[in-house]
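Chains as they are written, first to last, in numbering that gives the first Met the number 0: chain H, 0 to 175; chain Z, 0 to 175. Shown next, in structure tokens, is the structure this report addresses.
Number of protein chains: 2
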Amino acid sequence: MTKNIYKGRIVNLNLETVTLPNGATVELEVIHHPGAAAAVPLKDARTVILIRQYRHAVGGYIYEIPAGKLHSGEDPRECALRELEEEIGYKAGVLELVSSAYTTPGFTDEVIHIYKATQLQRGKQNLGHDEVLAIAEFPLERTIAMIREGIIKDAKTIVGLQCVYLQLLGENIGEE
Amino acid sequence: MTKNIYKGRIVNLNLETVTLPNGATVELEVIHHPGAAAAVPLKDARTVILIRQYRHAVGGYIYEIPAGKLHSGEDPRECALRELEEEIGYKAGVLELVSSAYTTPGFTDEVIHIYKATQLQRGKQNLGHDEVLAIAEFPLERTIAMIREGIIKDAKTIVGLQCVYLQLLGENIGEE
């Protein structure tokens, strides 16, 4: 049994009565989300472009990779390309999926498709009136240290940067 | 201005009217969450214990590290230790924070504190009636491949495993 509590712009909250595989019947709060896409923009193999974005929910500015939620029926790759150009003003020639991750599966079905974006070319930044952000470039290796130091705290951003870095390490080991 | 839409067991949904740093006034859906803690349980330096847990929100079983939400006023370390013993039946001698991550800052303030757990000793598993899970051990290196292959898809689990693996790589480079 599903009872809709609220249907908003991003969040669609249900109370769902479910029978679990162990036979227990429980009532769960579930946020249905359209899904999202994000991209780690690499200017070159070892330089990444991050945004520093104001996020009301967490009370301030945080480092993130460009990301946004999927429009209805939208291919996640299209979404990632769109957000990349809108937020940092670059078009990407190549997108490679590094992870499709559940953000917080205890209460939402949100999946974020995270890509590595390369062959960047200048496009046109186009921020929404609700997007407040600045752009910053870092050596990829420095961002890995920033995660360790607690400076980068956004989960999708950590996943994307570490996946890209581990891939690079693997390629370098393979070349030896 | 804040309007509470729903206050449930996990999810507390508000509609908040906010003035952003660029002067724009917007109405945002915000899920307030008590926060959570998780731990990457290492049986030895290269062997990790994962759970395969049924998650209604995402429609099936997924690999995760043990985790749970904070009780009111609870220290995240206590929460991580509690969830570790309840979910996999091990007590940890040492906890080391690897990241405090925002799960999905576009619509929630949820932070999950992710620890590396070592010096494991047998305790007593104690699952809630709403927890359906099995335990599985993997070489740490194999879990990194499972992320790459899309078999491990839970964001906190990816962050925890990759942080622990990169730390191990760093130590090995340091030793050379």
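Ideal placement from N, C-alpha and C gives every residue a C-beta, glycine not left out. Computed from a predicted structure; not experimentally measured.
According to the DSSP assignment, A44 (chain Z) belongs to no alpha helix (DSSP H), since it is labelled neither H nor E. The Cβ of Q118 (chain Z) sits no closer than 8 Å to any Cβ of chain H. In terms of beta-carbon proximity, N21 (chain H) lines the interface with chain Z, with at least one pair separated by less than 8 Å. DSSP, reduced to helix, strand and coil, places I9 (chain Z) outside both helices and strands of the structure shown, so it counts as coil. When H:V10, H:N11 and H:E28 are compared, the shortest CA-CA separation from V17 (chain H) is found for H:E28. Contact annotation for L165 (chain Z) against chain H: I143 and Q161 [CB-CB distance below 7 Å, chain order].
Assigned with DSSP and collapsed to three states, Q161 (chain H) falls in helix. P75 (chain Z) sits in a helix when the DSSP states are folded into three classes. Judged by pairs of C-beta atoms under 8 Å, the region 57-75 of chain H does not touch the region 123-139 of chain Z, as fewer than three such pairs exist.
Checking the DSSP bridge columns, you'll see G59 (chain Z) partnered with Z:R54. At a beta-carbon threshold of 9 Å, none of the residues of chain H lie near F137 (chain Z); the nearest stands roughly 16 Å away. In the three-state reduction of the DSSP assignment, L69 (chain H) falls in the coil class. Our two residues, A23 (chain H) and C162 (chain Z), have alpha carbons roughly 35 Å apart in a direct line. Between A100 (chain H) and V158 (chain H), the C-beta gap is smaller than 8 Å, which places the two residues in contact. With a beta-carbon spacing of about 18 Å, P20 (chain Z) and D153 (chain H) fall beyond the 8 Å limit used to define contacts. Pairing K155 (chain H) with A66 (chain H) gives a Cβ-Cβ distance under 8 Å.
For L139 (chain H), the uninterrupted alpha helix (DSSP H) segment begins and ends at L139 to R147. Ranked by how close their Cα comes to the Cα of Q52 (chain H), the residues H:D43, H:I87 and H:H31 have H:I87 in first place.
Under the three-state reduction of DSSP, G122 (chain H) is assigned to coil, being neither helix nor strand. Minimum Cα-Cα distance from T142 (chain Z) among the listed residues Z:P33, Z:Y5, Z:M0 and Z:I48 corresponds to Z:I48. Here I172 (chain Z) is exposed, its C-beta having fewer than 16 other C-beta atoms within 10 Å. The C-alpha of G92 (chain H) is placed about 41 Å away from the C-alpha of P33 (chain Z). Annotated three-state conformation of K115 (chain H) is strand, per DSSP. Restricting attention to Z:G127, Z:R54 and Z:E95, the CA atom closest to the CA of D108 (chain H) is found in Z:R54.
Z:F106 is the residue among Z:A79, Z:K42, Z:L41 and Z:F106 whose C-alpha sits nearest the C-alpha of L12 (chain Z). Residues of the region 33-56 of chain Z whose Cβ lies closer than 7 Å to any Cβ of chain H, in chain order: Y53, R54, H55 and A56. Assignment of I30 (chain Z) by DSSP, reduced to helix, strand and coil, places it in the strand class. Going by DSSP, K90 (chain Z) is part of the beta strand (DSSP E) stretching over Y89 to Y101. Excluding the 5 residues flanking it on each side, Q124 (chain Z) has same chain C-beta neighbours closer than 8 Å at E84, E85, E86, I87 and G88, in chain order.
Annotation: D74 (chain H) has no Cβ neighbours in chain Z at a cutoff of 9 Å; minimum Cβ distance is about 17 Å.
The criterion of a C-beta distance shorter than 8 Å is satisfied by R45 (chain H) and E140 (chain H). In this structure, the CA atom of A135 (chain Z) is about 6 Å from the CA atom of I50 (chain Z).
By the Cβ-count criterion, V110 (chain H) is buried, with 16 or more other Cβ atoms from all chains shown falling within 10 Å of its own Cβ. Measuring C-alpha to C-alpha distances from A35 (chain H) to each of H:L168, H:I150, H:I64 and H:L119 identifies H:I64 as the nearest.
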